[in-house]
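Note that the sequence shown covers residues -15 to 335 in our numbering.
In what follows, a single structure is set out as structure tokens and then discussed.
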Amino acid sequence: MNKPKEYHEEVDIRNELKLRELLTALPPFCKQFFIGIESRTQSRTRLAYAYDLACFFDYLHENNPVCKKMDIKDFPIDLLDQIKPMDIEEYLYYLKVYEKDGVAHTNDERGLKRKLASLRSFYNYLYKNEMIDTNPAVKVDMPKIHEKNIIRLDIDEVAMLLDEVESGECLTKRQQMYHERTKTRDLALLTLMLGTGIRVSECVGLDADDVDLKNNGIKVHRKGGAEVIVYFGDEVREALCEYMAERNGITAVEGHENALFLSMQNKRISVRAVENLVKKYSRQVTTLKNITPHKLRSTYGTSLYRETGDIYLVADVLGHKDVNTTRKHYAEIEDDRRRKAARFVRLREDV
């Protein structure tokens, strides 16, 4: 009997199959690009590139008189040499707001940056491997990103959120019907995310045997592929113990037996389901903040940094490869700490 695949392996297989499906509608020279970057990229990164390239070629097909006469699959590779930097700038301008199949789509600064980054990677690979003669994408400036304040829960809001999960008092009558069945799971899940800062994908990917209650740790599969142990406190342990006692009495659907967090259908809970339950409970606490699983991660990072002042520890626990990413996210708190430093140094004693 074959050993059941781990969650991240199943995700990679699904992403790879979806990528191959998308490639059937793209020009054949795209396939070599994805083969070439396979060993140094994650499956979700390649899938995102494929969606972005499909968007680019679709734009050419719809807006370029020559391309309009051809099927996208028949685009020749020398078409890429005919594209100028200004053509790519026009494409990015188009992406800000466009209509497709009767639906309006928009891209903010971050969306435009990702689309251009995908094009740059594509052009860089083909140019480096002498498949094309020009590289117009590298001449297009990246959109400037205007940093936004990090949205996070305040300390009292965290307590209110967990209280709401326990009681369900403010939920609608329909929501309360299901609350009794899911509150132990929901409390364990949200307490774990708030108490460790793990990503939502890491959370749903947890298996029951990834939890070590003896040492208060969980084994998570990081975005970059590494497996690490993340430790938690007694509040998290208590919530997990209660849920795992309940989980042991549930027979999961075949193929989902190892999953820690189950849906009401007794399958591994999905990322979308976690996003929905975070939204459901957080709306009872604050209507001004749009709280997502990532905002719970920011809440944890903020709390840890305020308590320790150790940006390297925060980066390590959150799984940031570059500490500058962490520093950028928590610059506001760093500035706060620098302001406090001014009060600690006295040059002359008060007379």
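Even glycine gets a Cβ: it sits at the ideal position worked out from N, Cα and C.
Under 9 Å between C-beta atoms of residue i and residue j
{"i": "L246", "j": "I234", "result": "yes"}
{"i": "F216", "j": "G179", "result": "yes"}
{"i": "I61", "j": "L10", "result": "no"}
{"i": "H240", "j": "R231", "result": "no"}
{"i": "G387", "j": "G95", "result": "Residue 387 lies beyond the range of the chain shown here (-15 to 335); nothing can be said about it."}
{"i": "V258", "j": "C154", "result": "no"}
{"i": "L174", "j": "L146", "result": "yes"}
{"i": "R183", "j": "H278", "result": "yes"}
Alpha carbon of residue i to alpha carbon of residue j, nearest angstrom
{"i": "H130", "j": "D71", "result": "24 Å"}
{"i": "R206", "j": "S185", "result": "9 Å"}
{"i": "V212", "j": "I116", "result": "41 Å"}
{"i": "E5", "j": "K97", "result": "25 Å"}
{"i": "A229", "j": "T168", "result": "10 Å"}
{"i": "S287", "j": "I139", "result": "8 Å"}
{"i": "M(-15)", "j": "A236", "result": "Caution is warranted here: a pLDDT of 48 is assigned to M(-15), below 50, making its placement in the model unreliable, and the coordinate value is therefore given only provisionally. Each residue's alpha carbon lies about 19 Å from the other."}
{"i": "F17", "j": "H163", "result": "48 Å"}
Close beta carbons around residue i, own chain, < 6 Å, minus the five adjacent residues each side
{"i": "Q160", "result": "G152"}
{"i": "S102", "result": "Y33 and D36"}
{"i": "T90", "result": "V81"}
{"i": "L302", "result": "G181 and G285"}
{"i": "H45", "result": "C51 and I56"}
{"i": "A223", "result": "L171, A172 and T175"}
{"i": "T123", "result": "The residue you asked about is not Thr; residue 123 is Lys in the sequence shown. So the list reads P69, once near-sequence residues are dropped."}
Outcome for residue i when other beta-carbon atoms lying within 10 angstroms are tallied against a minimum of 16
{"i": "Y227", "result": "buried"}
{"i": "D125", "result": "exposed"}
{"i": "K84", "result": "exposed"}
{"i": "I19", "result": "exposed"}
{"i": "V87", "result": "exposed"}
{"i": "Y(-9)", "result": "buried"}
{"i": "R281", "result": "buried"}
{"i": "V307", "result": "exposed"}
Distance between beta carbons of residue j and residue i, contact taken as under 8 Å
{"i": "V269", "j": "E73", "result": "About 43 Å separates the two Cβ atoms, so there is no contact after all."}
{"i": "V262", "j": "I275", "result": "6 Å"}
{"i": "A192", "j": "N242", "result": "6 Å"}
{"i": "C39", "j": "K112", "result": "The Cβ separation is near 23 Å, so there is no contact."}
{"i": "Y75", "j": "Y43", "result": "6 Å"}
{"i": "P127", "j": "E150", "result": "At roughly 44 Å, the Cβ-Cβ gap does not stay under 8 Å, so P127 and E150 are not in contact."}
{"i": "M248", "j": "T166", "result": "7 Å"}
{"i": "D65", "j": "T29", "result": "No, D65 and T29 are not in contact; Cβ-Cβ is about 26 Å, not under 8 Å."}
Beta-carbon contacts of residue i that lie in its chain and below 8 Å, excluding the five residues immediately before and after
{"i": "P120", "result": "I67, K68, P69, D71, I72 and Y107"}
{"i": "R332", "result": "none"}
Proximal residues to residue i (C-beta, below 7 Å), its chain only, five neighbours per side dropped
{"i": "V142", "result": "L178 and T283"}
{"i": "K2", "result": "L31"}
{"i": "R221", "result": "L197 and N200"}
{"i": "T310", "result": "I295, V298, A299, L302 and H304"}
{"i": "D(-4)", "result": "S27"}
{"i": "E0", "result": "S27"}
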